[in-house]
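Participant: Numbered per our numbering, the sequence shown spans residues 5 to 343.
Cβ atoms here follow ideal geometry from the backbone N, Cα and C, with glycine treated the same way.
Computed from a predicted structure; not experimentally measured.
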Amino acid sequence: MELNKNFKTEIKKEAPLLSDWFEKNARPLPWRESQNPYSIWISEVMLQQTTVTAVIPYYERFTNRFPNVKELARASLEEVYELWAGLGYYSRARNLHKAAQLIHQKKTFPQTYSELLKLTGFGDYTSRAVSSQAFNEAVGVLDGNVIRFLSRRFGLNWPYWKTEFKKNLQSLSDEYAQSAQPRMINQALMEMGATLCTPRSPSCFLCPVQKKCVAYKQDLIETLPLKKPKRDFEIWHWQVQFIEKNGKLGLIENDYAPFLKKQLILPGQIAKKTKPPVQFDFQHGITHHKIYVSVTRSQSNFLKSKNQSIVWIDRKQLKAKAPFALIQKAVAVGLAEKI
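1. Since Phe158 contacts Phe11 with CB under 8 Å, what's their CB separation in whole angstroms?
2. Below 8 Å between beta carbons: does that hold for Trp242 and Gly289?
3. Excluding the five sequence neighbours on either side, which residues of its own chain have a C-beta within less than 7 Å of the C-beta of Phe70, listed in chain order?
4. Within the same chain, show all residues whose beta-carbon is closer than 6 Å to that of Leu121, passing over the 5 residues directly before and after it, in chain order.
5. Classify Gly197 as helix, strand or coil using the three-state DSSP reduction.
6. Determine which residues share a DSSP beta bridge with Val49 and list them.
7. Expressed to the nearest angstrom, what Euclidean distance is found between the alpha-carbon atoms of Phe284 and Val150?
8. Buried or exposed for Val244, going by 16 or more other Cβ atoms inside 10 Å?
9. Can you say whether Ile331 is buried or exposed, counting buried as having 16 or more other CB atoms within 10 angstroms of its CB?
10. DSSP on Val145, reduced to helix/strand/coil?
11. Compute the beta-carbon to beta-carbon distance between Leu87 and Phe66, rounded to the nearest angstrom, for a pair I have assumed lies under 8 Å.
12. Do Ala138 and Phe26 have their C-beta atoms closer together than 8 Å?
13. Going by alpha carbons, who is nearest to Ala334 out of Ile295, Phe237 and Phe113?
14. Can you name the start and end residues of the alpha helix (DSSP H) that Glu248 belongs to?
15. Going by DSSP in three states, Phe286 sits in which element: helix, strand or coil?
16. Ends of the beta strand (DSSP E) at Glu257?
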């Protein structure tokens, strides 16, 4: 997309204003205390699908235990999972661990968006966020907060979830990053969306660019940005086999369920359904999966008949080896059946 010349002119004028606003109004968050790429990286990954308020105690515990790339790289995945437990989306923790090991091998933290993008778990947004905030690279960021601000500011009724329109929004964000100090303006755009230009009841009267906002002038605040169509939920019935021997639980590496892939889970069988089963022990949601779980206690020879390789886990190790809420719930049901 060739940016509208008026857009470019307006961005160049207001980018410094937004940066000044951020400097005066930024929330005092722990990862903003320095420009350490490691700290910024950890915070950005934790903040995906999680609120700032919820992240802060996790961030502080995590960085106290793993204060730098070296300590994170040398830790076991079980230790990482243990500190991550409760944040969900455990693939984020797994990718953090892998990337830390790669960065530790390199001896230096990659400084550019293109270099970071090559690392495990560093998607487009995370790479841009780290390179701009830590190393002041002139690349824009595009998360939900920035998309909302840009859509309203310029009156854009674009389906931003589609590749073409997302690229157009990225061009706008890049223009901001090239019109002021990148580390400041990128944080300013994200802070605007998080604190003033909120999804509901935005504080337009406090916005430094209110007079220029197309959505405000045209009464489009409630309709922009467009709402992304929700993905339909899939219904799954998971029939779990709870196996215990000498106080240890039998788990297998997941090669049969569409969630928690390659993670240690309870053995069993799963089937996709058009409607929920009549009988089940509990229901759990993971992304677009609605999982109805039925737990049955089995003998240890059950796995032999299924030709599955079993991993025996002491109950005390369960949260470290399989910290997922779904597994914890299923195990609790299995243990309750024993009583």
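Facilitator: Put simply:
1. 6 Å
2. no
3. Leu76 and Ala79
4. Ser131
5. helix
6. The partner list for Val49 (beta bridge, DSSP) is empty, contrary to what the question assumes.
7. 42 Å
8. buried
9. buried
10. coil
11. 5 Å
12. no
13. Ile295
14. Where Glu248 is concerned, there is no enclosing alpha helix (DSSP H), although the beta strand (DSSP E) it sits in stretches over Glu238 to Lys249.
15. strand
16. Lys252 to Glu257
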